[in-house]
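Q: Throughout, our numbering is defined as the position within the sequence shown, counted from one, plus 148. All C-beta atoms in this analysis are idealised placements derived from N, C-alpha and C, irrespective of residue type, glycine included. Below is the structure I would like to discuss, written out as structure tokens.
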Amino acid sequence: MKKAVILGERKAGLADVAEPRPKDDWALVKVHIIPMCTEYKMFVAGHKAEYLGHEAVGEVIAVAQPCRVQPGDRVVVQPQYPCGKCRLCVAGDYIHCLHCYDFAKFTGSPEGSATYAQYLLKPSWLLSPIPSDVSYEHAGLALCALGPSFGAFETMRVGAFDTVLITGAGPVGLGGVVNAGFRGARVLVAEGHPWRRDKALGLGAEAVLDPARDDVLKRILELTDGAGVDKSLDCSGVVQAHRLCIDATRRRGHVAFVGECGQDTTFRASPDLIRKGLSLHGSWHYNLSLYPKIMQVIRSSPLAAKLISHVFPLSEVQHAFTVSASHDCAKILLKAWE
Ligand SMILES: [Zn+2]
Ligand SMILES: [Zn+2]
Numbered sequence: 149m150k151k152a153v154i155l156g157e158r159k160a161g162l163a164d165v166a167e168p169r170p171k172d173d174w175a176l177v178k179v180h181i182i183p184m185c186t187e188y189k190m191f192v193a194g195h196k197a198e199y200l201g202h203e204a205v206g207e208v209i210a211v212a213q214p215c216r217v218q219p220g221d222r223v224v225v226q227p228q229y230p231c232g233k234c235r236l237c238v239a240g241d242y243i244h245c246l247h248c249y250d251f252a253k254f255t256g257s258p259e260g261s262a263t264y265a266q267y268l269l270k271p272s273w274l275l276s277p278i279p280s281d282v283s284y285e286h287a288g289l290a291l292c293a294l295g296p297s298f299g300a301f302e303t304m305r306v307g308a309f310d311t312v313l314i315t316g317a318g319p320v321g322l323g324g325v326v327n328a329g330f331r332g333a334r335v336l337v338a339e340g341h342p343w344r345r346d347k348a349l350g351l352g353a354e355a356v357l358d359p360a361r362d363d364v365l366k367r368i369l370e371l372t373d374g375a376g377v378d379k380s381l382d383c384s385g386v387v388q389a390h391r392l393c394i395d396a397t398r399r400r401g402h403v404a405f406v407g408e409c410g411q412d413t414t415f416r417a418s419p420d421l422i423r424k425g426l427s428l429h430g431s432w433h434y435n436l437s438l439y440p441k442i443m444q445v446i447r448s449s450p451l452a453a454k455l456i457s458h459v460f461p462l463s464e465v466q467h468a469f470t471v472s473a474s475h476d477c478a479k480i481l482l483k484a485w486e
């Protein structure tokens, strides 16, 4: 099979490797669509990588034993290799599993772990069925396009009476704009990149503020009668945006962090949290029980499909990474067999 690899700084290509084989209740999936996520960061930094990606959509083609899927099933491939047995897995919060499989140890080879490939292996319970009226392309939005914000909005109970601030309008933040709009919320966005600012407006954001030019906090307070937004979602992973979310959210409001960040964000327990009554949430992906609702958004929102800005054949992965790194894009999909 073919798979995409990062060969060096801004250099990607294809490699030929052995096809993986199904084992126990891990099914073999023929990948149709590969949604691109944060892998461009390795492409830009020149981190060589042979096993790329955590998002895929495809078709089950073989199983080793009777399990939760069968050949012919169209599926969304959920991320990670969680144990399926611990308390968190059983509750659907498998993304936080403490006993994830060592892929290579379990299957005997690391091949089949990458999603930037024509075949992969996955525990059958993490292959979510795609309704017959949803295309492979659109089903891919159930991963890191609509997924992370959906999980966070469920936790914060975002609804029609809320004004929501979204910081960072990459594919995940733009997915947040779609999800918030679908729930009837009013949406404000903080984003500096011109392409993404336009996209956020096109997806229904009421205002898109530029941190480089606007006094964003002041503008948000003006737009909310001085109170601040009801709920904030950071999709940027930028410390200043974390701070903005805390400062721009009203008393008794909620803030969720979705954008990954390894740096320190400071907050003050009394003025920021205790006196303000603010709730902070870390949110990574979504509980598996929410998957049918995300499919409902994909089916019913006229804006969801607009999250897909580019579709490239896997053979053009070099160009696809260049576009991804430019940030002039929302969600980019690769077609695994072209
Ligand atoms: Zn587990
Ligand atoms: Zn992702």
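1. Does the Cβ of S448 have 16 or more other Cβ atoms within 10 Å, making it buried, or fewer, making it exposed?
2. Please report the Cβ distance between G324 and L381, rounded to the nearest whole angstrom; I am assuming they are in contact, meaning their Cβ atoms lie under 8 Å.
3. Give the secondary structure of H180 by DSSP, where H, G and I count as helix, E and B as strand, and everything else as coil.
4. Is E370 buried or exposed, if buried means 16 or more other CB atoms sit within 10 Å of its CB?
5. Output yes if chain B places a C-beta closer than 8 Å to the C-beta of H244; else output no.
6. Can we count H475 as close to ligand 2, meaning its CB is less than 7 Å from some heavy atom?
7. Determine, using beta-carbon pairs with one atom in the stretch 290 to 305 and one in the stretch 265 to 274, whether at least three such pairs fall under 8 Å.
8. Return yes when the Cβ of A287 is within less than 8 Å of the Cβ of I446, no when it is not.
9. Who are Y267's beta bridge partners in DSSP?
10. Please return the same chain residues whose Cβ sits closer than 6 Å to the Cβ of G206, not counting the five positions on each side in sequence.
11. Note down, one range per segment and in chain order, each alpha helix (DSSP H) of at least 4 residues found wholly within the stretch 301 to 332.
12. In angstroms, rounded to a whole number, what distance separates the CA positions of D241 and D172?
13. Could you work out which residue in F469, P450, K379 and C185 is closest to G425 when comparing CA atoms only?
14. Check whether the Cβ of H244 sits closer than 7 Å to any heavy atom of ligand 2, and report yes or no.
15. Can you tell me the Cα-Cα spacing of K159 and E187, whole angstroms?
16. DSSP state of V337, grouped into three classes?
17. Below 8 Å CB to CB, which residues in the same chain sit around R216 once its five sequence neighbours on both sides are set aside?
18. Enumerate in chain order the residues of its own chain whose CB-to-CB distance from H467 is below 8 Å, with the five nearest sequence positions on each side excluded.
19. DSSP three-state call for D487: helix, strand or coil?
20. I need the DSSP call for G430, collapsed to helix, strand or coil.
21. Out of G299, K196 and Q218, which one is the CA nearest neighbour of G430?
22. Measure the Cβ-Cβ separation of T315 and S427 and say whether it is below 8 Å.
23. Indicate the three-state DSSP secondary structure (helix, strand or coil) for S276 in the structure shown.
24. Excluding the 5 residues preceding and the 5 following V306 in the sequence, name in chain order all residues of the same chain whose CB lies nearer than 7 Å to its CB.
25. Can you give the Cα-Cα distance for A348 and G321, rounded to whole angstroms?
26. DSSP beta-bridge partners for A152?
A: Result, derived from the coordinates:
1. In the sequence shown, the residue the question calls residue 448 occupies position 300. Burial is judged here by how many other beta carbons sit within 10 angstroms of a residue's own beta carbon; S448 has fewer than 16 and is exposed.
2. Position 176 of the sequence shown holds residue 324. Position 233 of the sequence shown holds residue 381. Confirmed, about 5 Å.
3. Taking the first residue of the sequence shown as position 1, residue 180 is located at position 32. If DSSP states are grouped into helix, strand and coil, H180 belongs with the strands.
4. Mapped onto the sequence shown, residue 370 falls at position 222. Answer is exposed; the Cβ neighbour count stays below 16.
5. Absence of chain B from the displayed structure is noted, only one protein chain being present.
6. What you label residue 475 is simply residue 327 of the sequence shown in a count that begins at 1. For ligand 2, not one heavy atom lies less than 7 Å from the Cβ of H475.
7. no
8. The sequence position of residue 446 within the sequence shown is 298, counting from 1. The sequence position of residue 287 within the sequence shown is 139, counting from 1. Yes. Within cutoff.
9. By one-based count along the sequence shown, residue 267 stands at place 119. DSSP, once it has assigned bridges, lists K178 as partnering Y267.
10. To locate residue 206, count along the sequence shown from 1; it is residue 58. Within the same chain, G206 has close Cβ partners V177, K178, V179 and H180.
11. Fully enclosed alpha helix (DSSP H) runs of 4 or longer: 319 to 330.
12. Along the sequence shown, read from residue 1 onward, the residue named residue 241 stands at position 93. Along the sequence shown, read from residue 1 onward, the residue named residue 172 stands at position 24. Those two C-alpha atoms are separated by around 22 Å.
13. Your numbering for residue 425 matches position 277 in the sequence shown. Considering only F469, P450, K379 and C185, the residue with the shortest C-alpha distance to G425 is K379.
14. Here residue 244 is taken as the residue at index 96 of the sequence shown, counted from 1. H244 Cβ: outside cutoff for every heavy atom of ligand 2.
15. As a working mapping, residue 159 is identified with position 11 in the sequence shown. As a working mapping, residue 187 is identified with position 39 in the sequence shown. Straight-line Cα distance between these residues: approximately 12 Å.
16. Residue mapping note: residue 337 aligns to position 189 of the sequence shown, counting from 1. V337: strand per DSSP, three-state reduction.
17. The count along the sequence shown starts at 1 and reaches residue 216 at position 68. Excluding residues within five positions, the ones whose Cβ falls inside 8 Å are D173, S272, W273 and L275.
18. As a working mapping, residue 467 is identified with position 319 in the sequence shown. Correct list, in chain order: F460.
19. No answer is possible for residue 487: it lies beyond the span of the chain, which begins at 149 and ends at 486.
20. By one-based count along the sequence shown, residue 430 stands at place 282. If DSSP states are grouped into helix, strand and coil, G430 belongs with the strands.
21. In the sequence shown, the residue the question calls residue 430 occupies position 282. Answer by Cα proximity: G299.
22. Position 167 of the sequence shown, counted from the first residue, corresponds to residue 315. Position 279 of the sequence shown, counted from the first residue, corresponds to residue 427. The answer is no: Cβ separation not under 8 Å.
23. Along the sequence shown, one-based indexing puts residue 276 at 128. In this structure, S276 counts as strand in the three-state DSSP scheme.
24. Taking the sequence shown and counting its residues from 1, one reaches residue 306 at position 158. Taken in chain order, the residues that qualify are V312, A328, R331, A333 and K379.
25. Counting from 1 along the sequence shown, the entry for residue 348 is found at position 200. Counting from 1 along the sequence shown, the entry for residue 321 is found at position 173. Rounded to whole angstroms, A348 to G321 spans 9 Å at the Cα level.
26. For the purposes of this step, residue 152 is taken as the residue at position 4 of the sequence shown. A152 pairs with L162.
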